[in-house]
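Chemist: I am attaching a structure below and will ask some questions about it afterwards.
Here is the structure:
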């Protein structure tokens, strides 16, 4: 059985969206290990004093139980362009620690900063998170992401973004794209002009 992963934002000693990470982790564990008792992350994660200031990734590896928790300094990348890459059979509905396929697709980015993974003609995700697209009025996220991210779920439940099918042909309907993940919400996410998607 492959190890699964949760990446949790830790900023100045505070863990973010822990309820959403717990929910996703326990839903995955129930599907893969039926009958396993829920894990309460707030009781399992002890933030070390050395991580009480600054921005970190709390990286949690698990299967039926938590196997490892580590804290890694988070470095912010810049994103100005996206390249469309296609993989019609990719399956990443669990957040696997093994990112081999994602890394192979990312290697195809050429001179772009990040990729957009296209599956059967539909926009899904980038290699580090979910995507949102603005028509100038509202933000929309693909209905069929590779992985239902915690930030995406929170924004959907709060009515800040809306799900819809988005194909490559639909990109011309939007003005800009955004990347959301544990570290990027609708307020601080990287925004990329549609004309910088190729």
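In my numbering, the protein residues as written are 230 to 427. The C-beta atom is built at its ideal place from N, Cα and C for all residues, glycine as well. Just so you know, these numbers come straight off a predicted model, no measurement behind them.
Assign residue 411 to buried or exposed, taking buried as 16 or more other Cβ atoms, counted over all protein chains shown, within 10 Å of its Cβ.
Modeler: Locating residue 411 in the chain shown gives position 182, counting from the first residue. With 16 or more Cβ atoms within 10 Å of its Cβ, residue 411 is classed as buried.
Chemist: Closest by CA to residue 372, which one among 386, 241, 352?
Modeler: If you number the chain shown from 1, residue 372 lands on position 143. The candidate whose alpha carbon is nearest that of residue 372 is 352.
Chemist: For residue 415, collect the residues of the same chain with a Cβ closer than 8 angstroms to its Cβ; drop the 5 residues on either side in sequence, then sort them by chain order.
Modeler: For the purposes of this step, residue 415 is identified with residue 186 of the chain shown, where counting begins at 1. Excluding sequence neighbours, residue 415 sits near 361, 368, 384, 389, 390, 407, 409.
Chemist: What do you get for residue 277, buried or exposed, if any count of 16 or more other CB atoms within 10 angstroms of its CB means buried?
Modeler: On the chain shown, position 48 is the one that residue 277 refers to. Exposed.
Chemist: Here's a check: name, in chain order, each residue in its chain whose Cβ is nearer than 7 angstroms to the Cβ of residue 349, leaving out the five neighbours to either side.
Modeler: Taking the first residue of the chain shown as position 1, residue 349 is located at position 120. So the qualifying residues of the chain are 317.
Chemist: Going by DSSP, what residues sit across from residue 361 in a beta bridge?
Modeler: To locate residue 361, count along the chain shown from 1; it is residue 132. Paired residue(s): 407.
Chemist: Can you tell me whether residue 341 is buried or exposed? The criterion is at least 16 other CB atoms within 10 Å of its CB, across all chains shown.
Modeler: Within the chain shown, numbered from 1, the residue matching residue 341 stands at position 112. Label assigned to residue 341: buried.
Chemist: Hey, out of 398, 232, 250, whose CA is closest to residue 238's CA?
Modeler: Locating residue 238 in the chain shown gives position 9, where the first residue counts as 1. Considering only alpha carbons, the answer is 250.
Chemist: For the segment 302-313 and the segment 322-330, state whether three or more C-beta atom pairs, one from each stretch, are separated by less than 8 angstroms.
Modeler: These segments do not touch.
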